[in-house]
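Chemist: Okay, here's the structure, questions in a sec.
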Amino acid sequence: MYNLLCMLVLIVAYQGSVLALPNGAPSGACTSMAPRHNDGSGGLYSAQPHSSSVYTIITDKANYSVNQEVRVWIADSRTGADRGYKGIMLQARVPDGTAPLGIWMNPPTNTKMIMCSSANDTITHSNTMDKNESNVFTWKPNGTSADVQFVLTVAQQK
1 MYNLLCMLVL
11 IVAYQGSVLA
21 LPNGAPSGAC
31 TSMAPRHNDG
41 SGGLYSAQPH
51 SSSVYTIITD
61 KANYSVNQEV
71 RVWIADSRTG
81 ADRGYKGIML
91 QARVPDGTAP
101 LGIWMNPPTN
111 TKMIMCSSAN
121 DTITHSNTMD
131 KNESNVFTWK
141 PNGTSADVQF
151 VLTVAQQK
């Protein structure tokens with residue numbers, strides 16, 4: 001059995017929608033997990049401190065076996081109309097690593113898989129529609145036999 005860890009890498013919080021990247025994170029963001037959203041005035045939005053994040057990564061198990069599927073949710077601690085997110089970039093990695101591991105399968109509506117190191121190793125948004133905890137992401141180690149950490153970047157509309 002190998003351990004699953006969850007870590008929030010970056011949250012881009014801003015007043016506008018994800019119009020700068022409406023079709024998902026670019027492959028240039030694969031390592032840094034920073035898609036570089038434009039703030040509308042020639043600058044870029046910066047990351048929100050992890051300590052103030054409203055998002056938590058939840059998995060359906062704490063340990064996995066080789067080729068065992070793991071289900072992943074993005075929980076939002078807020079209540080009311082502010083819940084959810086517009087954009088996402090989600091990967092599984094070796095702790096402290098930068099390359100994605102395994103593959104994602106059957107992406108939920110309004111999301112898609114992209115290739116960073118290999119096919120379907122990263123999840124991103126496919127449009128600017130609201131996404132929420134009902135989105136369940138399915139990850140498979142695809143032969144990986146190591147501790148895994150899920151890393152996430154969220155673009156939220158306030």
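Under the UniProt record's numbering, the first residue of the sequence shown carries the number 1, and numbering increases by one thereafter.
A virtual CB, placed ideally from N, CA and C, is assigned to each residue, including glycine.
Check the DSSP bridge columns for V72 and list the partner residues they point to.
Modeler: T59, F137
Chemist: Are the CB atoms of L101 and T31 within a distance shorter than 8 Å?
Modeler: no
Chemist: With distances taken Cα to Cα, identify the nearest neighbour of A146 among A155, S27, S65, P108.
Modeler: S65
Chemist: R78 to N132, Cα distance in whole Å?
Modeler: Approximately 11 Å between the Cα atoms of the pair.
Chemist: In whole angstroms, give me the CA-to-CA distance for D82 and V151.
Modeler: 22 Å
Chemist: Tell me the DSSP secondary structure of G87 in three-state form.
Modeler: In this structure, G87 counts as strand in the three-state DSSP scheme.
Chemist: Do S27 and I114 have their C-beta atoms closer together than 8 Å?
Modeler: yes
Chemist: Do you know how far the Cα of L21 is from the Cα of P108?
Modeler: 18 Å
Chemist: Can you tell me which of the three DSSP states A92 falls into?
Modeler: strand
Chemist: Alpha carbon to alpha carbon, how far is V70 from Y55?
Modeler: Going by the C-alpha atoms only, they are around 19 Å apart.
Chemist: Sort Q91, A99, P95 by Cα distance to M105 and report the nearest one.
Modeler: Q91
Chemist: Who pairs with L101 in a beta bridge, going by DSSP?
Modeler: Bridge partners of L101: none, in fact.
Chemist: On a CA-only basis, which of V72, G80, D121 is nearest A99? Give me that one, please.
Modeler: The residue from V72, G80, D121 with its alpha-carbon nearest to that of A99 is D121.
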